[in-house]
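Asker: Protein sequence lines, in the order shown, are assigned to chains A and B. Note that the working numbering has the first sequence beginning at 24, numbered continuously upward. Note that the working numbering has the second sequence beginning at 101, numbered continuously upward. Using N, Cα and C, we set each Cβ at its ideal position, and we do this for glycine too. The model shown is predicted, which means the values in this text are computed figures rather than measured ones. What follows is a single structure, and I will ask about it in a moment.
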Amino acid sequence: MASVIEETATTTAPFEPFLTASVGREGAWEIEDYLSRGGYTGWRRAVSELTPAEVTDWVKRSGLRGRGGAGFSTGTKWGFVPNIPGPKYVCCNADESEPGTFNNRAIMEWDPHIVVEGVMIASYAIGATHSFIYCRGEFGLAAERLIQAIRDAEKAGFLGTDIFGKGVDLQIEVFRGAGAYICGEETALLESLEGKRPMPRSRPPFPAVVGLYGRPTVINNAETLANVPFILKNGPEWYAAIGAAPNCGPKIYSLSGSVNRPGNYELPLGITLRELVEHGGGMREGRKLKAVIPGGSSAAILPATLSDGRDAMDLVLDFDACRAAGSMLGSGAVIVLDETVCMACAVTRFIEFYQHESCGKCTPCREGTIWMLKILERVTGTGGTDDDLFLVNDLASHIPGRSLCLLGDSAAAPVMSAMEHFRTDFDTHNATGHCPSGCIPF
Amino acid sequence: MIPNPPTPFPTREGGGNTEAYVLSDTTRAAIVALKGKYPKVQSAILDALRLAQDEIGYVPAEASAEVAALLGVSPHHVHSLATFYTMFFTQPVGTAIVEVCDNLSCALWGSRRIIARLEEALGIAVGETTPDGSITLLRTIECLAACGGAPALRVNTTYYEKMTEEKVVALVKELRPGKR
């Protein structure tokens with residue numbers, strides 16, 4: 024998949040993409056190509072010049088925050104791992120399946136070594152000697168490329184025993200999933216890796232203390248780890264200067280929906296939606312913005328006019344601004360919806376997804392998603408009643424915070440936000456029994 | 101996705117160690133070799149089920165029982181994983197599985213027209229297999245992570261992006277038996 028990266032004329036500092044620089048270039052996945060670009064410089068520096076604590080400190084100072092959704096400081100997360108003897112693990116979460124997100128697949132297929140090197144550095148920082156990349160089952164090519172990258176790194180002496188003669192041992196294994204969205208949830212991922220049904224665990228204890236096989240474990244998103252080699256290579260200050268603190272570094276925005284050129288756009292954190300849409304060639308057929316989902320289907324839907332009266336096009340796409348606007352940056356999957364899209368139909372499609380992917384462990388999520396789907400299907404099918412809309416909203420409001428993981432919360436967020444901002448779409452369905460716009464072309 | 105119909109639990113005692121094996125010697129050896137791959141053997145179940153499915157085309161109850169016997173884990177546990185994950189099929193499917201992404205980003209770019217055209221060209225509905233057993237058509241509930249190339253679909257492990265009605269008709273011709 025070719026991603027489209029353009030000149031960032033609208034941002035203040037000149038920015039050269041580095042995470043997606045090789046996406047779309049034939050042969051970029053070969054180790055010779057990666058080495059010619061200065062690959063494994065960061066790994067060599069970490070092992071030869073720095074202590075594990077110093078590596079963690081560098082990542083902390085770089086301001087890198089988790090790209091998987093929470094936006095938590097990566098260095099701080101590594102710091103939670105207790106310094107005790109015995110096995111520890113790094114698990115790279117490459118089970119990318121949040122609707123609208125497609126940046127992990129791009130970097131793993133085209134430039135797998137940046138992810139592998141990131142896993143190596145994280146492993147050294149926490150003292151892991153055996154680490155895993157949990158690759159989504161559907162990603163056959165990505166898994167193949169990662170496995171080849173690991174083999175080549177072993178041959179080059181970057182993995183194995185006594186790496187660089189410094190007494191560091193490390194092996195990395197690619198673990199392939201088999202089709203379950205829930206495996207992207209970190210504790211479900213651990214269960215899946217342990218060969219159990221992937222159902223989330225109760226926290227505490229957190230994985231940093233009791234994780235894979237009951238041992239301290241760090242779980243980082245593939246995009247997060249892909250940043251790490253560059254921090255080690257160029258220094259934390261260089262990295263922290265990209266974007267606007269405390270939202271440092273570039274983000275690969277996965278732009279999709281009603282724009283002319285959907286694709287991955289690597290830009291410094293802190294650009295506005297307007298800038299991103301311009302990179303994506305503008306709104307499709309010059310239509311007007313109706314709503315935006317800034318962080319994948321789990322994020323609350325924001326209307327074209329934000330609650331503080333601002334135009335949503337002026338929304339700053341970083342962790343804190345999206346949260347302040349009542350949604351979240353999540354995985355950076357920006358789904359743009361234009362004026363022709365019926366929000367009732369859009370939300371029903373999301374709930375179909377969550378109902379299918381709920382693992383069934385916690386009652387509010389398992390039963391809540393299925394009943395929300397049944398009611399919404401009636402509304403968007405032949406038309407429902409006002410009572411249906413009251414009921415689905417009431418149901419949604421009782422799901423968040425009552426399950427072990429956030430899947431149920433993620434299903435409730437789009438329903439409640441759509442009901443709040445786009446009630447007329449639901450009402451029209453009820454009144455006419457038809458979709459007001461026929462937005463999803465049948 | 102095809103809903104997994106209830107399948108009987110493996111009934112043979114110990115699973116596959118008494119009668120004829122359902123898996124070839126090569127696959128059996130490959131599964132046994134997985135035992136040392138992870139710190140705990142249970143972690144190898146998904147890899148083993150994948151090997152079994154690669155050989156048979158789906159995972160019948162006898163195959164998951166045999167996987168369990170080879171790895172030395174409970175057959176019921178293996179069966180519970182085979183039925184949880186959507187990429188394992190407990191019923192026979194076509195040799196080519198066409199999965200059309202139908203999540204929102206692809207739907208906005210016309211995935212439903214793609215599905216309708218595929219149904220027409222193949223003469224089957226979503227969830228069905230062509231009578232000759234060559235092609236199974238599915239619509240995904242999950243997102244295929246190819247929204248930049250919407251509408252997208254997958255044939256077995258290969259992604260096809262920016263699909264049009266013309267392109268899918270051409271694809272169907274390619275997938276017909278004798279063409280592959």
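According to the Cβ coordinates, are Phe162 (chain A) and Met131 (chain A) closer than 8 Å?
Answerer: It is a contact, given that the beta carbons lie within the stated cut-off.
Asker: Between the segment 292-304 of chain A and the segment 326-340 of chain A, do three or more beta carbon pairs fall short of 8 Å?
Answerer: At 8 Å Cβ cutoff, the stretches touch.
Asker: Whose C-alpha, out of A:Ser96, A:His153 and A:Ala172, is nearest the C-alpha of Ile195 (chain A)?
Answerer: Closest by alpha carbon: A:His153.
Asker: Distance, Cα to Cα, Ser277 (chain A) vs Val232 (chain A)?
Answerer: So the alpha carbons of these two residues sit roughly 33 Å apart.
Asker: Cys388 (chain A) and Leu325 (chain A): beta carbons closer than 8 Å?
Answerer: Contact: no.
Asker: Grab me the residues of Arg84 (chain A)'s own chain with a C-beta within less than 6 Å of its C-beta, minus the 5 sequence neighbours each way, in chain order.
Answerer: Correct list, in chain order: Pro259.
Asker: Which two residues bound the contiguous alpha helix (DSSP H) that contains Asn250 (chain A)?
Answerer: Taken as a continuous stretch (DSSP letters only), the alpha helix (DSSP H) holding Asn250 (chain A) covers Ala245 to Asn257.
Asker: Is Gly123 (chain A) near Ser205 (chain B), with beta carbons less than 8 Å apart?
Answerer: Cβ atoms of Gly123 (chain A) and Ser205 (chain B): closer than 8 Å.
Asker: Go through the segment 72-115 of chain A residue by residue and report every complete run of the alpha helix (DSSP H) that reaches 4 residues or more, in order.
Answerer: Runs of the alpha helix (DSSP H) inside the segment 72-115 of chain A: 75-85 and 97-102.
Asker: Is Glu39 (chain A) buried or exposed, if buried means 16 or more other CB atoms sit within 10 Å of its CB?
Answerer: Exposed, since its Cβ has fewer than 16 Cβ neighbours within 10 Å.
Asker: Could you check the C-alpha separation between Cys158 (chain A) and Gly218 (chain A) for me, to the nearest Å?
Answerer: Cα to Cα, the separation comes out at about 15 Å.
Asker: With DSSP as the reference, please indicate the residues paired to Ile195 (chain A) in a beta bridge.
Answerer: The partner list for Ile195 (chain A) (beta bridge, DSSP) reads A:Ser154.
Asker: So what's Ile358 (chain A) in DSSP terms, helix, strand or just coil?
Answerer: In this structure, Ile358 (chain A) counts as strand in the three-state DSSP scheme.
Asker: Looking only at C-alpha atoms, which of B:Phe184, B:Ser180, B:Gly249 and B:Ile156 sits nearest to Cys201 (chain B)?
Answerer: Comparing Cα-Cα distances from Cys201 (chain B) to each of B:Phe184, B:Ser180, B:Gly249 and B:Ile156, the minimum goes to B:Gly249.
Asker: Which residues in the same chain as Ala32 (chain A) place their Cβ atom closer than 6 Å to its Cβ, once the five residues preceding and following it in sequence are excluded?
Answerer: Below a pLDDT of 50, predicted positions are generally treated as unreliable, and Ala32 (chain A), at 40, falls in that range; the measurement from the model is reported next regardless. Result list for Ala32 (chain A): empty, nothing under 6 Å.
Asker: CA-CA distance, Ala264 (chain A) and Arg68 (chain A)?
Answerer: Cα to Cα, Ala264 (chain A) sits roughly 21 Å from Arg68 (chain A).
Asker: Given Ala419 (chain A), which residues of its chain have a CB within under 8 Å of its CB, disregarding the five upstream and five downstream residues?
Answerer: Correct list, in chain order: Gly391, Met395, Ala434, Ala435, Val438, Met439 and Met442.
Asker: Determine the chain A residues that contact Leu282 (chain B) at a beta-carbon separation under 8 Å, and present them in chain order.
Answerer: Residue 282 (chain B) lies beyond the stretch modelled for chain B, which goes from 101 to 280, so this question has no answer here.
Asker: Against chain A, with Cβ distances strictly below 8 Å, would Gly157 (chain B) count as a contact?
Answerer: Chain A contact via Cβ: absent.
Asker: Run through the DSSP bridge pairs and tell me what Arg254 (chain B) is partnered with.
Answerer: Partner(s): B:Glu199 and B:Tyr259.
Asker: So the candidates are A:Leu299, A:Gly183 and A:Leu399; which of them puts its Cα closest to the Cα of Tyr470 (chain A)?
Answerer: An answer regarding residue 470 (chain A) cannot be provided, because it is not within the stretch 24 to 465 covered by chain A.
Asker: In terms of residue numbering, what span does the alpha helix (DSSP H) encompassing Ala211 (chain A) cover?
Answerer: Ala211 (chain A) -> alpha helix (DSSP H) spans Glu209 to Leu216.
Asker: What's the call for Thr386 (chain A), buried or exposed, on a 16-neighbour Cβ count within 10 Å?
Answerer: Answer is exposed; the Cβ neighbour count stays below 16.
Asker: Since Gly258 (chain A) meets chain B, which of its residues come closer than 8 Å, beta carbon to beta carbon?
Answerer: Near Gly258 (chain A) there are no residues of chain B at all, since even the closest Cβ is about 32 Å away, more than 8 Å.
Asker: Check for me: the alpha helix (DSSP H) holding Ser59 (chain A) runs from which residue to which?
Answerer: That run of the alpha helix (DSSP H) goes Ile54 to Ser59.
Asker: Does chain B have any CB closer than 8 Å to the CB of His153 (chain A)?
Answerer: It does; some Cβ of chain B falls within 8 Å.
Asker: Looking at the structure shown, is Asn126 (chain A) part of a helix, part of a strand, or coil, going by DSSP?
Answerer: Helix at Asn126 (chain A).
Asker: Is Glu301 (chain A) helix, strand or coil by DSSP?
Answerer: Looking at Glu301 (chain A) - three-state DSSP - the assignment turns out to be helix.
Asker: Alpha carbon to alpha carbon, how far is Val226 (chain B) from Val70 (chain A)?
Answerer: Cα to Cα, the separation comes out at about 53 Å.
Asker: Got a sec: is the Cβ-Cβ distance from Gly97 (chain B) to anything in chain A below 8 Å?
Answerer: Residue 97 (chain B) cannot be examined here, being either before or after the span of chain B that is shown, 101 to 280.
Asker: Would you mind listing the alpha helix (DSSP H) stretches within the segment 359-417 of chain A that are 4+ residues and don't spill past its ends, in chain order?
Answerer: Taking only runs of at least 4 residues, the alpha helix (DSSP H) segments lying wholly in the segment 359-417 of chain A are 366-380 and 386-404.
Asker: State yes or no: is the beta carbon of Ser277 (chain A) nearer than 8 Å to at least one beta carbon in chain B?
Answerer: Yes, Ser277 (chain A) counts as interfacial toward chain B.
Asker: Per DSSP, what are the beta-bridge partners of Met306 (chain A) in this structure?
Answerer: BP columns for Met306 (chain A) point to A:Val282.
Asker: Compute the distance between the beta-carbons of Ala163 (chain B) and Leu208 (chain B), then report whether it is under 8 Å.
Answerer: Not closer than 8 Å, so no.
Asker: Against chain B, with Cβ distances strictly below 8 Å, would Glu375 (chain A) count as a contact?
Answerer: With 8 Å as the cut-off, Glu375 (chain A) counts as an interface residue toward chain B.
Asker: Go to Thr240 (chain B), then tell me how far its beta strand (DSSP E) extends in each direction, as first and last residue.
Answerer: Looking at the DSSP string, the run of the beta strand (DSSP E) that includes Thr240 (chain B) is Ile235 to Thr240.
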